[in-house]
Amino acid sequence: MRETQRTLIFAGVALVALVAALFAGPSTPKPPKDFDSVGKEFFPEFTNASDAKSLEVVSYDKETAEARVFAVDFKDGVWRIPSRHNYPADGKDRLAKTAVSMSGIKREKLISRQPSQYGDFDVIDPLSEDTTQLTGRGQRITLKDENGKVLASYVIGKAVPGHNGQFYIRPLDSNDKNVYAAKLNINLSTRFADWIEPDLLKLEANNIKTIIIDKYTVDENRGRLMGRETNQLTREKPTDPWVMTGLDPSKEEVNETEMKKLVDGLDNLKIVGVRPKPARLSRDLKFDKGIAIDPATQMDLLSSGFFPVKSEDGTSEIYSKEGDLVSMTDEGVVYVLRFGNVFNGTEEEVEFGFANRDESKDTDTKKVDENSNDPKATQPASTDPSKAKNRYLFVMAQFNPEALGPKPTPPVEPKPFVMPEGVKPADSATTADGPASATAPANTTLSADDIAAAQKAAAEAQARFMEETRKYKDELQEWETKKMFGEKQVKQLNQRFADWYYVISSDSFDALQQGRKTLIQPKKAEETTGQPAAPTPPGITLPGAP
Numbered sequence: 002m003r004e005t006q007r008t009l010i011f012a013g014v015a016l017v018a019l020v021a022a023l024f025a026g027p028s029t030p031k032p033p034k035d036f037d038s039v040g041k042e043f044f045p046e047f048t049n050a051s052d053a054k055s056l057e058v059v060s061y062d063k064e065t066a067e068a069r070v071f072a073v074d075f076k077d078g079v080w081r082i083p084s085r086h087n088y089p090a091d092g093k094d095r096l097a098k099t100a101v102s103m104s105g106i107k108r109e110k111l112i113s114r115q116p117s118q119y120g121d122f123d124v125i126d127p128l129s130e131d132t133t134q135l136t137g138r139g140q141r142i143t144l145k146d147e148n149g150k151v152l153a154s155y156v157i158g159k160a161v162p163g164h165n166g167q168f169y170i171r172p173l174d175s176n177d178k179n180v181y182a183a184k185l186n187i188n189l190s191t192r193f194a195d196w197i198e199p200d201l202l203k204l205e206a207n208n209i210k211t212i213i214i215d216k217y218t219v220d221e222n223r224g225r226l227m228g229r230e231t232n233q234l235t236r237e238k239p240t241d242p243w244v245m246t247g248l249d250p251s252k253e254e255v256n257e258t259e260m261k262k263l264v265d266g267l268d269n270l271k272i273v274g275v276r277p278k279p280a281r282l283s284r285d286l287k288f289d290k291g292i293a294i295d296p297a298t299q300m301d302l303l304s305s306g307f308f309p310v311k312s313e314d315g316t317s318e319i320y321s322k323e324g325d326l327v328s329m330t331d332e333g334v335v336y337v338l339r340f341g342n343v344f345n346g347t348e349e350e351v352e353f354g355f356a357n358r359d360e361s362k363d364t365d366t367k368k369v370d371e372n373s374n375d376p377k378a379t380q381p382a383s384t385d386p387s388k389a390k391n392r393y394l395f396v397m398a399q400f401n402p403e404a405l406g407p408k409p410t411p412p413v414e415p416k417p418f419v420m421p422e423g424v425k426p427a428d429s430a431t432t433a434d435g436p437a438s439a440t441a442p443a444n445t446t447l448s449a450d451d452i453a454a455a456q457k458a459a460a461e462a463q464a465r466f467m468e469e470t471r472k473y474k475d476e477l478q479e480w481e482t483k484k485m486f487g488e489k490q491v492k493q494l495n496q497r498f499a500d501w502y503y504v505i506s507s508d509s510f511d512a513l514q515q516g517r518k519t520l521i522q523p524k525k526a527e528e529t530t531g532q533p534a535a536p537t538p539p540g541i542t543l544p545g546a547p
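Our numbering puts the first residue of the sequence shown at 2, with every later residue one more than the last.
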């Protein structure tokens, strides 16, 4: 009985356990709370792209072990690039597009919850001060509003293999340390040229009427200008052929292909970098009161390839390492371009200078794939430095009213008809005592017809004078308006040019610094057989001209 009871007890316990198991259901592990965020936006409160008033992108250069920062801010009503000497940016539309592409990004998949694995996905913060983590750093992107509040901030890493358009990403949020996969289509550029006003000179090719190319080099050791060649080219209208001073029209002509290259080079002049000028030099240039050269300004100019020389009247003239170019438009705006030292370097070094490097060293330039959707594609790739000899450029604007044509002069008012002294009308040629003496001087009388004709001529002259006066006033007003507009343009241009040395590409320099060898060609045989030479613009006399 005792064994039977024991068996029954065991069976009962098993039955109870079975019932309990049936009621409890299957046993499964509960998923981690971190999975709850998958499918949700990283920054759900960021819904209005127009709230973005600043962008900062930080990338990491593995070769130099340096973080590279590019930023755009909207402050005091002006877009600027603080990472490029606060140069003015034309960034509203581009920043808006970037903000739109950064909002609404969702966590597609949880990849890792371990900070120790950040390096495996290239999502280590590029600004990390941990010197043991110099590899595996990603690109940091941050958007802020006008008050500096973070709207969205990420570290973006490698592309996710096998998932087109997805990248490893980590939000810079103290509450979320995980690594996710997310679909990105960020419209992002950290190229300086993409954020600035692309048209440096703001001129139209058809408005250019005079170009003077003053080619020379400066021998710094002897303080002399070497190999100087000056060529002046002019035209009155855009449809007129260009004419060069000193050209023999019977044998030579301007090479219109090279002239088009030169004019297009001015019209499309682009800058690839900037450097700030000393404050005193900038102030002098803005107010056009002559340049005062102090030791600090002189050293700054020399370092960029510009040589100040005092003239007899006490003002300072600036010569350039590689000559000058002057271009005048029909609006009277004169652009003075001075070409300084060569500058080679990486794309970032060209854009804003060297941080901790010797400026005299030539380094590989870097190029960006502008069409890539990869947010890390802004990392440059090496090219041959011999093909990218950039050059410093010093630009000023002046106003020359002669380009507007002669200032209108007022017409001379005609004298009204007045009977000449001693002359009387014919019907008055009698005296109280009878007819006038036969010995009276001739032409002392005028017939009524003569008087009427003279009065009519005087009235017509007065009418012409009134019409000419009206026309003169209209032309003078037009001339004064053009003068005012030209002076305003020059003032605005100098406000922009005065603060900066620019850096231009070697292609731009080559297009602008042409000489007689490229700009003049022999006339074809059929053009030298009796055809008239191109007309000479007013004010320029060619050798041998009558």
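Ideal placement from N, C-alpha and C gives every residue a C-beta, glycine not left out.
For chain B, find out if any of its Cβ atoms is closer than 8 Å to the Cβ of Asp301; answer yes or no.
Of the chains in the structure shown, none is chain B; there is only one protein chain.
To the nearest angstrom, report how far apart Ala25 and Ser113 are at their CA atoms.
Note that Ala25 has pLDDT 47, beneath the 50 cutoff, so the model's placement of it is unreliable and no number is given.
Counting only the same chain and skipping the five closest in sequence on each side, list residues whose C-beta sits under 6 Å from that of Thr48.
Excluding sequence neighbours, Thr48 sits near nothing in its chain.
Just list the residues that DSSP pairs Tyr630 with in beta bridges.
Because the chain is modelled from 2 through 547, residue 630 falls outside the range shown and cannot be assessed.
Excluding five sequence neighbours on each side, which residues of the same chain lie with their C-beta closer than 6 Å to the C-beta of Lys54?
Cβ neighbours of Lys54 beyond the five flanking positions: Phe75, Asp146, Glu147.
I need the straight-line Cα distance from Phe122 to Pro162, nearest angstrom please.
For Phe122 and Pro162, the distance between alpha carbons rounds to 11 Å.
I'd like the list of long-range same chain contacts for Glu230, defined as Cβ closer than 6 Å, with 5 residues on each side in sequence excluded.
Cβ neighbours of Glu230 beyond the five flanking positions: Lys216, Gly516.
Quick check on Asp94: does DSSP put it in helix, strand or coil?
Helix.
Taking only the alpha-carbon atoms, compute the straight-line gap between Met467 and Thr482 and give it to the nearest angstrom.
If I take the Cα positions, the gap works out to 22 Å.
Since Arg81 and Val39 should fall inside the 8 Å C-beta cutoff, what is the C-beta to C-beta distance between them, to a whole number of angstroms?
Rounded, the Cβ-Cβ distance is 39 Å, inconsistent with contact.
Using a 10 Å radius around the Cβ and a threshold of 16 neighbouring Cβ atoms, would you call Gly423 buried or exposed?
Result: exposed.
Once DSSP output is grouped into helix, strand and coil, what is the label at Arg69?
Reduced to three states, the DSSP call for Arg69 is strand.
Measuring CA to CA, which of Trp196, Glu42, Leu152, Arg281 is closest to Ala90?
When only C-alpha atoms are compared, the closest one is Trp196.
Counting Cβ pairs closer than 8 Å, one from the segment 407–423 and one from the segment 453–463, do we hit at least three?
Touching, yes, given that three or more Cβ pairs across the two stretches are closer than 8 Å.
Identify which residue in Asp126, Thr133, Glu130 has its Cα closest to the Cα of Gly158.
The shortest Cα separation from Gly158 among Asp126, Thr133, Glu130 belongs to Asp126.
Grab me the residues of Ser84's own chain with a C-beta within less than 6 Å of its C-beta, minus the 5 sequence neighbours each way, in chain order.
Excluding sequence neighbours, Ser84 sits near Val70, Phe71, Ala72.
Can you check the segment 259–309 for any alpha helix (DSSP H) of at least 4 residues that lies completely inside it and give the ranges in chain order?
You should have 280–288, 296–305.
Assuming Leu326 and Lys271 make a contact with CB atoms under 8 Å, what is their CB distance in whole Å?
Going by Cβ atoms, the distance from Leu326 to Lys271 rounds to 16 Å, so no, they are not a contact pair.
Restricting to Cα atoms, I'd like to know which of Ser506, Pro199, Arg471 is closest to Leu394.
Checking every option, the nearest Cα to that of Leu394 belongs to Ser506.
Can you grab the Cα-Cα spacing for the pair Thr235 / Gly354, in whole Å?
Roughly 38 Å between the two C-alpha positions.
When the Cα of Ser51 is compared with those of Leu144, Asn222, Leu302, which residue comes out closest?
If we check each option's Cα against that of Ser51, Leu144 comes out closest.
Decide if Asn391 is buried, meaning its Cβ has at least 16 other Cβ atoms within 10 Å, or exposed.
Buried, because 16 or more other Cβ atoms sit within 10 Å of the Cβ of Asn391.
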